[in-house]
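The block underneath contains the structure these notes are about, expressed in structure tokens.
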Amino acid sequence: MRVLINKLLMRPAIPFTLVLLLLVGTSSVIFYVERTLSEIEEALPITLSKQERDIRVLVTDMGTLVQSIGIARTNQAPGNFSIVLRQIDEMQQHLEVIRESYRFNDVLGASAIHAKLNPAIFDINIWLTEGLYNFEPTSAQILKIAEMRAKEAHTEAEILLLQVGKTAIDVLTAQADRIDGFRNIMILTLAVLTIMTVGLVMLGFRLQQSVLALKDSEEQIRYRANYDSLTDLPNRLNFIEHLSEAVSRSRRSPGHTALMFIDLDRFKTINDTLGHDFGDELIKQVAIRISEVIRETDVVSRLGGDEFTVLLPDMTDEIHASIIAKNILASLAEPFNLFGHEVYSSASIGITISPDDGEDANTLLKNADMAMYEAKDQGRNTFRFFTSQMTDRARHFLELDKDMRRALSQNELEVYFQPIYELRKHSLIGVEALLRWQHPKRGLILPAEFIPVAEETGLIEEIGLWVLRRACIEGLAWLDQDLHPSFYLAVNISMRQFKGGFDRRQMQQILQETGFPADKLLLEITESLLMDEDIRIKDVLAEFRRMGIRLAVDDFGTGYSALSYLREFPVNTLKIDRSFIHDIGASSNHRRLVEAIITMAHGLDLMTIAEGVETSEQDALLSELHCDMGQGFFYCKPVNVDNIKHLTTNKKPRLVLFDPAKKSTKT
Ligand code: C2E
Ligand code: MG
Ligand code: MG
Numbered sequence: 000m001r002v003l004i005n006k007l008l009m010r011p012a013i014p015f016t017l018v019l020l021l022l023v024g025t026s027s028v029i030f031y032v033e034r035t036l037s038e039i040e041e042a043l044p045i046t047l048s049k050q051e052r053d054i055r056v057l058v059t060d061m062g063t064l065v066q067s068i069g070i071a072r073t074n075q076a077p078g079n080f081s082i083v084l085r086q087i088d089e090m091q092q093h094l095e096v097i098r099e100s101y102r103f104n105d106v107l108g109a110s111a112i113h114a115k116l117n118p119a120i121f122d123i124n125i126w127l128t129e130g131l132y133n134f135e136p137t138s139a140q141i142l143k144i145a146e147m148r149a150k151e152a153h154t155e156a157e158i159l160l161l162q163v164g165k166t167a168i169d170v171l172t173a174q175a176d177r178i179d180g181f182r183n184i185m186i187l188t189l190a191v192l193t194i195m196t197v198g199l200v201m202l203g204f205r206l207q208q209s210v211l212a213l214k215d216s217e218e219q220i221r222y223r224a225n226y227d228s229l230t231d232l233p234n235r236l237n238f239i240e241h242l243s244e245a246v247s248r249s250r251r252s253p254g255h256t257a258l259m260f261i262d263l264d265r266f267k268t269i270n271d272t273l274g275h276d277f278g279d280e281l282i283k284q285v286a287i288r289i290s291e292v293i294r295e296t297d298v299v300s301r302l303g304g305d306e307f308t309v310l311l312p313d314m315t316d317e318i319h320a321s322i323i324a325k326n327i328l329a330s331l332a333e334p335f336n337l338f339g340h341e342v343y344s345s346a347s348i349g350i351t352i353s354p355d356d357g358e359d360a361n362t363l364l365k366n367a368d369m370a371m372y373e374a375k376d377q378g379r380n381t382f383r384f385f386t387s388q389m390t391d392r393a394r395h396f397l398e399l400d401k402d403m404r405r406a407l408s409q410n411e412l413e414v415y416f417q418p419i420y421e422l423r424k425h426s427l428i429g430v431e432a433l434l435r436w437q438h439p440k441r442g443l444i445l446p447a448e449f450i451p452v453a454e455e456t457g458l459i460e461e462i463g464l465w466v467l468r469r470a471c472i473e474g475l476a477w478l479d480q481d482l483h484p485s486f487y488l489a490v491n492i493s494m495r496q497f498k499g500g501f502d503r504r505q506m507q508q509i510l511q512e513t514g515f516p517a518d519k520l521l522l523e524i525t526e527s528l529l530m531d532e533d534i535r536i537k538d539v540l541a542e543f544r545r546m547g548i549r550l551a552v553d554d555f556g557t558g559y560s561a562l563s564y565l566r567e568f569p570v571n572t573l574k575i576d577r578s579f580i581h582d583i584g585a586s587s588n589h590r591r592l593v594e595a596i597i598t599m600a601h602g603l604d605l606m607t608i609a610e611g612v613e614t615s616e617q618d619a620l621l622s623e624l625h626c627d628m629g630q631g632f633f634y635c636k637p638v639n640v641d642n643i644k645h646l647t648t649n650k651k652p653r654l655v656l657f658d659p660a661k662k663s664t665k666t
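Just so you know, the sequence shown maps onto residues 0 to 666 in numbering that gives the first Met the number 0.
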């Protein structure tokens, strides 16, 4: 069948001929039908019966005329004579009508009757009106020959009438035969057309099927050429294409691409001791586990044997590769169930980064392979970067992550608070909660060192909730004091928290647990959050606003400040980044910039806070520029909860200006 289809496919003339035949067939049928119908119509029985009736009337009239002439001859009363003349007149009119209505090729021969009767009526009329051979028109002689002439014509007409009846029957029989033939031909033609149409449809269907089958096999061939048959992962060829593409993309964009080379440890032992079926099953399960750990945009491939590669494109920081490597190792460390047997496995991973370590696929593959051997040398079940610096960085990074998890459970984290002052009267208006880590060995660690790591690993989601809860618990203690009516507690929330699902439900739970009022809480978010395309974040922020929580944009001016976003988002406050404040006294450019930000913010009904105010000059200038609030070492450094308690319990919490030289003693 397949051979036949292929043959058909090779001859496109076949469907074409079929279509042509169909067209010719259909048009012939239409032509034939049209012609036959009009012919049959021309000889319709209704026409026949009208002709027959007309002829019959003529013959009867002629008979009557014969009688009337006979009566006029035997009883030569003038009344009888005028009856004859009137009848002649009527017949002449009737013959006139017949001449007009029928052609000489009429079916029944109305014209033949006409030809018989017309001359007879003409003769009789002449004789009866003008006379003949000196006989008077009303004379018995004239009436006699008129009667003879009429009789003769009547007889001939009657003979013709008999023929007419026979002709009518002949015509009707011929019509019936013709209709029968027509019906048979139509049935035959329709049958042929139906067969041809069905044939055409089937041929089309077959063609479609064979084209699909060809496509299928083409796709299968392509799939087999690009994918590994055991794991269905991209194979080496496909992977090299992905890699080259990612490398050339990373040359154009600022991101990094990481290439991971994964080799199972002691896979040969499993193959040798348990057999190849077990080996294959293990490879399949490893492929699934690796695929589950990586991001959607990453590409995992099987190069062959027990070798896998993972391509991690568009990484903001190459150190992320270490988290993924760690996760892959952790997922492979779980026992595998191979046909009911519990088997343990592990892998060694080599990682290289593009463009730093190389800018072409071959170099990168070689690098990753070398790094993988280094990992094997280091005792397997581990990963190594191609450069030792990256490996060191990753080690530090992952150690910090591990330490942070411990810190969270061992209560090593602490929330400090830094006061924020209203600049007009220098009265305390709020405090910002800032995280600190009291490391048992390294002492106090500032957030700049560990928060980025927590953001990368996702631990910030847990830490962030902890800070919020802690700050609310501490903050509640100050609220019953004589504070500024707009006093607020500010807490930093990182983008990763929102991405991780921080929402109204979590927020409400903390507020309920701690009893902290929503309208005294201010969340500090980053500019990048406003720029994020995730519509859900916008909704969450709007919900927070509806709860009465205030929102501030932190470090304003350092991100991509698309000002239109400020209108779209329900923010209340801009915190002008300390890099602008730092030079506000020395640089008129910075001063103008800060002034512009303040004017713009006020125009949008936003409050402004100057961050990092360190001198009285900056403080005075900011007041002059109508900045609403200030925060910085000039007023007070971030302090632990005991010190902030002292500040807030002061009945009149006014700023006590202090000598910057003695700043350190104050914090
Ligand atoms: P930030 O939110 O802009 O906080 C202000 C930072 O500026 C604090 O640094 C504070 O100590 C510092 N600062 C305040 N006044 C001055 C000054 O006059 N001069 C100078 N040079 N610095 C001043 P810190 O506490 O080291 O925090 C750094 C950043 O870490 C914060 O910047 C914030 O982005 C982040 N962070 C701190 N705590 C948390 C937290 O609980 N969650 C999250 N997601 N991020 C936090
Ligand atoms: Mg902040
Ligand atoms: Mg800031």
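Glycine included, every Cβ here is placed at the ideal spot set by N, Cα and C. None of these values were measured; they are calculated from a predicted model.
Out of the options, which one is the CA nearest neighbour of residue i?
i              : options                        : result
valine 570     : Glu523, Ala119, Pro136         : Glu523
arginine 288   : Asp279, Phe335, Ile318         : Phe335
leucine 364    : Arg379, Lys424, Leu302, Thr315 : Leu302
glutamate 373  : Ala346, Thr614, Phe396         : Ala346
valine 246     : Asn124, Gln207, Asn361         : Asn361
histidine 255  : Glu358, Pro451, Met628, Leu17  : Glu358
methionine 185 : Ala71, Phe449, Ile29, Leu475   : Ile29
glutamate 567  : Gly556, Ile597, Leu603         : Leu603
leucine 565    : Glu532, Met599, Glu99          : Met599
leucine 427    : Thr166, Lys644, Leu57, Thr154  : Lys644
Determine, using beta carbons only, whether residue i and residue j come nearer to each other than 8 angstroms.
i              : j                 : result
leucine 281    : valine 342        : yes
threonine 196  : leucine 21        : yes
isoleucine 261 : valine 292        : no
leucine 160    : arginine 55       : yes
aspartate 670  : threonine 296     : No information on residue 670 is available, as it lies outside the stretch 0 to 666 that the chain covers here.
glutamate 610  : isoleucine 575    : yes
alanine 393    : phenylalanine 416 : no
leucine 520    : tyrosine 487      : yes
glycine 584    : glutamate 613     : no
isoleucine 144 : tryptophan 126    : yes
alanine 152    : methionine 90     : no
glycine 463    : phenylalanine 501 : yes
serine 300     : asparagine 234    : yes
serine 493     : glutamate 461     : no
valine 83      : lysine 150        : no
alanine 320    : alanine 370       : no
leucine 475    : threonine 513     : yes
leucine 467    : valine 490        : yes
Under 7 angstroms from any heavy atom of ligand 3, does the C-beta of residue i make it?
i             : result
arginine 297  : Just to set this straight, residue 297 is aspartate in the shown sequence, not arginine. Outside the cutoff, so no.
lysine 636    : no
aspartate 538 : no
lysine 574    : yes
glutamate 610 : yes
Given the structure, does residue i come close to ligand 1, in the sense that its CB is under 7 angstroms from one of the ligand's heavy atoms?
i                 : result
arginine 288      : no
valine 466        : yes
glycine 584       : no
serine 615        : no
glutamine 511     : no
alanine 432       : yes
phenylalanine 449 : no
isoleucine 220    : no
phenylalanine 543 : no
glutamine 417     : yes
glutamine 630     : yes
arginine 469      : no
isoleucine 441    : A small correction: the amino acid at residue 441 is arginine; isoleucine does not occupy that position in the sequence shown. Result no, Cβ not under 7 angstroms from ligand 1.
arginine 577      : yes
How would the residue list near ligand 2 read, in chain order, if you kept each one whose beta-carbon is closer than 5 angstroms to any heavy atom?
Asn491, Glu523, Asp553
Extract the residue ranges of the beta strand (DSSP E) inside the stretch 473-539, only unbroken runs of 3 or more that lie entirely within it.
487-491, 520-525
Give the list of continuous alpha helix (DSSP H) stretches no shorter than 4 residues that lie fully inside the stretch 256-334.
266-273, 275-292, 319-332
Jot down the residue ranges of each uninterrupted alpha helix (DSSP H) in the stretch 65-122, minimum 4 residues, whole runs only, in chain order.
77-100
Fully enclosed by the stretch 389-418, which beta strand (DSSP E) runs are 3 residues long or longer?
none
Any alpha helix (DSSP H) of 4 or more consecutive residues that is wholly inside the stretch 201-266:
235-251
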